[in-house]
Each structure stands twice: as structure tokens, then as C-alpha cells.
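Undergrad:
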């Protein structure tokens with residue numbers, strides 16, 4: 001496993017006078033999601049100590065389920081909380097786009113929303129199938145280590161006409177709808193990294 005020095009990032013402080021740097025707090029909150037990324041990481045990721053992980057996710061089902069976020073400090077990908085988080089992050093762009101721009105964090109938040117919605121789209125390969133989880137919590141919780149060196153099997157779980165799961169399917173649909181709203185309607189003057197997206 002590679003190791004690198006962790007870099008310090010500067011967040012733009014708010015223009016309002018305060019003894020707190022809310023721009024930095026927002027930056028750290030968004031970076032939390034970035035640190036949970038699974039799959040092939042892009043070269044422009046802000047953390048330099050993570051590597052690619054979960055690269056065979058979905059192979060048990062013959063589908064590419066790489067991407068998404070890990071959950072709660074482990075290496076399972078649970079799509080219900082992931083979809084809810086993506087929908088709420090999209091809602092925050094809808095509600096506070098100008099503040100996100102002012103703090104210099106809009107571009108990063110949009111990248112996280114896109115990261116997860118791209119994954120959720122992969123999880124829906126046909127009209128009646130949605131993969132809602134990758135990894136087994138019991139197996140995962142009995143092993144401690146970085147995601148980059150996982151060796152345990154990572155089963156893929158799905159809902160379909162024989163095994164329904166409307167709650168996770170609806171949450172994913174809501175996340176995708178919220179993302180579509182911000183990428184296609186709300187976001188004014190997209191950051192350079194998002195040009196051509198949406």
C-alpha cells in the first residue's frame with residue numbers, strides 16, 4: 001500500500017466577521033464524503049493517502065458495481081443511507097448554492113453528488129433490478145484494515161420482482177431526481193470541473 005504525506009488545504013473564509021471559519025468547517029464536512037469513496041479514484045482527489053479499492057465489486061453478479069461511498073467507517077456500501085445522503089447534499093446545493101460558491105466548496109460538493117449518482121445508476125442495470133448493497137457487514141466487521149487491501153468476499157445484494165425493496169429503490173430515485181434538478185436546472189455557471197456534466 002502506498003503512503004503519502006497529507007496535504008493541508010485552505011478553505012476560503014466567509015466574508016462575514018466571525019471567530020469561526022465556517023468555510024473550513026464546510027470543507028471538512030465535504031471532505032468526509034470524499035474520504036469514503038470506493039472504486040477507481042480520480043487524479044484530482046483532495047486526499048493523497050487513499051488508493052483505489054473495491055475494484056471487483058459486483059463481480060459475483062457479473063456487473064460493475066465499483067464506485068459509491070463506504071458507510072460508517074467500514075467497507076460495506078449500503079445504498080439506502082448513501083442515496084439519502086446524496087439527496088440531502090443535492091438539497092443543500094439547491095438551498096445554499098451562493099454560500100457554497102462563496103466558500104469555494106460548490107465544485108467539491110458537486111463532484112461528490114456526481115460520484116454517488118454515477119454509482120447508483122450502475123446499480124440499476126435493468127428495469128426490474130436494483131443492487132442495494134455491496135459487502136457483508138458481519139464479514140467486514142470482523143476484519144480491520146484499509147479498504148485498499150480488503151481480501152474478503154464482497155457479495156452484491158439486489159432487489160427485484162421476486163425480492164422487492166421499494167424503500168431503497170425510492171431513495172435512489174429521489175437522489176437521482178435531486179441531482180438532476182441541481183445539475184440541469186439549479187446550478188448557475190457550473191464550476192470548470194463540472195462543465196459538460198449534467
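In full-length UniProt numbering, the protein residues as written are 1 to 198.
Think of the CB as a built atom: it goes at the ideal place given N, C-alpha and C, for glycine as much as any other residue.
Computed from a predicted structure; not experimentally measured.
1) Rank 107, 151, 144 and 120 by C-alpha distance to the C-alpha of residue 26 and give the top, closest one.
2) Identify whether residue 5 lies in helix, strand or coil by the three-state DSSP scheme.
3) Roughly how many whole angstroms lie between the Cα atoms of residue 121 and residue 19?
4) Would residue 110 pass as a contact of residue 183 if the rule is Cβ separation under 9 Å?
5) Pull up the distance between the alpha-carbon of residue 198 and that of residue 179, whole angstroms please.
6) DSSP beta-bridge partners for residue 130?
7) What are the partner residues of residue 37, as DSSP defines its beta bridges?
8) Quick one: give me the first and last residue of the alpha helix (DSSP H) that residue 63 is part of.
9) If distances are taken between C-alpha atoms only, which option among 161, 142 and 170 comes closest to residue 76?
10) Restricting to runs no shorter than 3 residues, where is the beta strand (DSSP E) found entirely within the stretch 84 to 151?
11) Measuring only the C-alpha atoms, how far is residue 185 from residue 152?
12) If I follow the unbroken alpha helix (DSSP H) through residue 168, where does it start and stop?
TA: On the basis of the coordinates in this document:
1) The residue given as residue 26 occupies position 26 in the chain shown. When only C-alpha atoms are compared, the closest one is 107.
2) Within the chain shown, numbered from 1, the residue matching residue 5 stands at position 5. Confidence is the limiting factor: at residue 5 the pLDDT is only 47, short of 50, which leaves the residue's position unreliable, though a coordinate-based value still follows. Coil, per DSSP.
3) For the purposes of this step, residue 121 is identified with residue 121 of the chain shown, where counting begins at 1. For the purposes of this step, residue 19 is identified with residue 19 of the chain shown, where counting begins at 1. Distance between the alpha carbons of residue 121 and residue 19 is about 42 Å.
4) On the chain shown, residue 110 is found 110 positions in, with the first residue counted as 1. On the chain shown, residue 183 is found 183 positions in, with the first residue counted as 1. In contact: residue 110 and residue 183 (Cβ atoms closer than 9 Å).
5) In the chain shown, the residue the question calls residue 198 occupies position 198. In the chain shown, the residue the question calls residue 179 occupies position 179. Interpretation of residue 198 is limited by its pLDDT of 47, a score under 50 that renders its predicted location unreliable; the figure taken from the coordinates is listed afterwards. Their backbone Cα atoms lie some 9 Å apart in a straight line.
6) Position 130 of the chain shown, counting from 1, holds the residue named residue 130. Note: residue 130 sits in a beta bridge opposite 159.
7) Numbered from its first residue, the chain shown carries residue 37 at position 37. Paired residue(s): 69.
8) Numbered from its first residue, the chain shown carries residue 63 at position 63. No alpha helix (DSSP H) holds residue 63; DSSP gives it neither H nor E.
9) Walking along the chain shown from the start, residue 76 turns up at place 76. Nearest option by C-alpha distance: 142.
10) 130 to 134
11) Stepping through the chain shown from its first residue, residue 185 is reached at position 185. Stepping through the chain shown from its first residue, residue 152 is reached at position 152. If you take the alpha carbons of residue 185 and residue 152, they lie about 42 Å apart.
12) Reading the chain shown from its first residue, position 168 is the one you call residue 168. That run of the alpha helix (DSSP H) goes 166 to 181.
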